[in-house]
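For the protein sequence lines, the chains are C and E, in the order given. Count along the first sequence from 1, add 233, and you get the number used in this note's numbering. Count along the second sequence from 1, add 233, and you get the number used in this note's numbering. Just so you know, even glycine gets a beta-carbon here, dropped at the ideal spot from N, CA and C.
Protein chains: 2
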Amino acid sequence: MEKSRLEKQMDFCLEIDKEKFIGRQTYLSDGARKENDAEHAWHMAVMTLLLSEYANEEIDVLKTISMILIHDVVEIDAGDTYAYDEKAKESQEEREKAAADRLFGMLPEDQGKKFRALWDEFEARQTKEAKFARVMDNIQPLMLNAATKGKSWLEHAVNLSQVLDRNKRVQEGSEVLWDYAKENFIRPNLDAGRLIPDVELE
Amino acid sequence: MEKSRLEKQMDFCLEIDKEKFIGRQTYLSDGARKENDAEHAWHMAVMTLLLSEYANEEIDVLKTISMILIHDVVEIDAGDTYAYDEKAKESQEEREKAAADRLFGMLPEDQGKKFRALWDEFEARQTKEAKFARVMDNIQPLMLNAATKGKSWLEHAVNLSQVLDRNKRVQEGSEVLWDYAKENFIRPNLDAGRLIPDVELE
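Next up, the structure:
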């Protein structure tokens with residue numbers, strides 16, 4: 234017997250609890266442990282409520298927050314790929330697409346399609362909402378890295394050029410927030426020797 | 234010199250990282266550890282995206298999710314008060330109001346007022362959005378308790394009457410979700426002897 238609409242929804246709601254098991258490389262602000270995907274998504278969503286006024290173009294806040302809330306669900310199957318792990322990044326797309334098929338496929342068809350479209354939009358990074366969601370995805374860990382005196386950067390011996398490359402498109406979503414992040418999160422850590430200065434910071 | 238608007242916003246964004254340190258009594262679905270407030274809020278927010286169609290009255294989803302995302306921020310100062318700890322509940326209101334004053338007071342005035350109003354609305358439980366947010370706040374831990382075979386209930390020797398009292402207003406927000414939770418999360422655990430049967434379950 235096919236499951237009811239509500240059973241499918243509840244099965245998905247329980248399944249995504251596993252996002253709390255997916256660890257990231259960023260330390261929490263006290264430096265005691267690293268955060269997980271669910272905490273990261275919550276943090277980005279609250280930040281969006283406060284910082285959407287700095288989007289280059291006015292955004293649909295509910296759409297942006299919806300995208301943010303589910304953007305890492307695929308990591309339940311595919312795992313977190315560290316921003317500066319070039320080898321893991323090669324197979325990332327394929328692993329994440331298979332995860333999206335399985336996970337969003339658990340939902341009633343209309344909602345599965347809606348969530349898949351939001352996730353595809355986030356990945357494609359073309360719309361103003363996707364660009365702003367990516368700003369949050371980038372500056373939230375920059376903020377925590379700065380708060381922990383570059384703990385994660387030191388652990389992985391990260392170069393400035395890697396950080397700039399990772400964040401090179403932040404300004405497409407918000408010029409204001411990119412300037413703030415550069416001057417408050419990146420430059421002080423560069424000056425303190427916590428990022429390897431392989432290039433100049435403008 | 235007074236801080237700029239963006240500095241105040243970013244200070245608040247960093248401060249709320251501490252919500253990830255606030256532990257709850259509910260175990261994650263694998264039973265390995267208990268969840269924290271940030272994970273709980275994220276989970277409730279995604280559930281709202283999927284389950285808002287079951288609200289007794291049509292709700293404003295962005296408003297409901299905003300309320301959910303920040304409803305536990307006060308616990309950064311006030312701590313989590315376990316649903317079945319009667320002593321701690323006596324001083325809960327006073328502790329949480331002082332926390333709201335301090336935390337929302339960090340924000341630019343307009344946003345501080347907006348967040349405070351959302352939190353007050355959640356606490357007062359009068360509007361349809363607040364009632365639905367409370368449904369999420371109640372059924373998310375019921376779902377996890379059921380998934381872990383009542384682990385937290387067994388640990389605290391919880392009575393059925395306590396669970397029913399805690400959840401007695403869920404149906405004000407959603408009759409459908411209350412029925413589902415009662416039949417799928419509460420009754421099977423009662424039948425399995427994981428809740429003390431001090432009253433009848435209708």
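Query	Result
Taking just the CA atoms, how far does S324(C) sit from T314(C)?	10 Å
Quick one: give me the first and last residue of the beta strand (DSSP E) that Y260(E) is part of.	G256 to Y260
I'd like to know whether the C-beta atoms of Q344(E) and L283(C) end up nearer to each other than 8 Å.	yes
Any beta carbon from chain C within less than 8 Å of K253(E)'s own beta carbon?	yes
Take the Cβ of P374(E) as the centre, count every other Cβ of all protein chains shown within 10 Å, and call the residue buried at 16 or more, exposed below.	buried
K384(E) to S262(E), Cα distance in whole Å?	10 Å
Can you tell me whether DSSP reads K267(E) as helix, strand or coil?	strand
Please decide whether W352(C) counts as near chain E, where near means a Cβ-Cβ distance under 8 Å.	no
Excluding the five sequence neighbours on either side, which residues of its own chain have a C-beta within less than 7 Å of the C-beta of V368(E), listed in chain order?	V403, G406, S407 and L410
Report yes or no: do three or more beta-carbon pairs, one from the segment 249-256 of chain E and one from the segment 257-272 of chain C, lie closer than 8 Å?	yes
My understanding is that K361(C) touches E290(C), with C-beta atoms under 8 Å, so please give their C-beta distance in whole angstroms.	4 Å
Answer with yes or no whether the minimum CB distance from L397(C) to chain E is below 8 Å.	no
Whose CA, out of A274(C), G312(C) and V294(C), lies closest to the CA of L302(C)?	A274(C)
Short check: CB of M280(E) to CB of E354(E), under 8 Å?	no
Can you tell me whether V306(C) is buried or exposed? The criterion is at least 16 other CB atoms within 10 Å of its CB, across all chains shown.	buried
Please tell me whether E362(C) has its Cβ less than 8 Å away from any Cβ of chain E.	no
Taking the alpha-carbon of D431(C) as reference, which of V396(C), E272(C) and E248(C) has the nearest alpha-carbon?	V396(C)
So does A379(E) have its beta carbon nearer than 7 Å to some heavy atom of the ligand COA?	Among the components modelled here there is no ligand, and therefore nothing to report on the ligand COA.
For Q242(E), tell me which candidate among A379(E), F337(E), S394(E) and N378(E) has the shortest Cα-Cα distance.	F337(E)
Rounded to whole angstroms, what is the Cα-Cα separation between A271(C) and A271(E)?	8 Å
Count the other C-beta atoms from every protein chain shown that fall within 10 angstroms of the C-beta of S440(C), then say buried if there are 16 or more, exposed otherwise.	Nothing in the structure corresponds to residue 440(C), since chain C is present only between 234 and 435.
By DSSP, does I292(E) sit in helix, in strand, or in coil?	coil
Determine, using beta carbons only, whether V279(C) comes closer than 8 Å to chain E.	yes
Considering only DSSP beta bridges, list what I429(C) is partnered with.	N392(C)
Select from the segment 398-423 of chain E all residues with a C-beta closer than 9 Å to any C-beta belonging to chain C, and list them in chain order.	V409, L410, Y413 and N417
For the alpha helix (DSSP H) containing G406(E), list its first residue and its last residue.	V403 to G406
Does the distance from the CB of D310(C) to the CB of A331(C) come in under 8 Å?	yes
Give, in chain order, every unbroken run of the alpha helix (DSSP H) that is at least 4 residues long and sits entirely within the segment 302-372 of chain E.	308-311, 319-337 and 342-357
So with CB distances below 7 Å, who are the chain E contacts of S285(C)?	By Cβ distance, chain E contributes nothing, its closest Cβ being about 11 Å from S285(C), past 7 Å.
Give the straight-line distance between the Cα atoms of L340(C) and E326(E), rounded to the nearest whole angstrom.	39 Å
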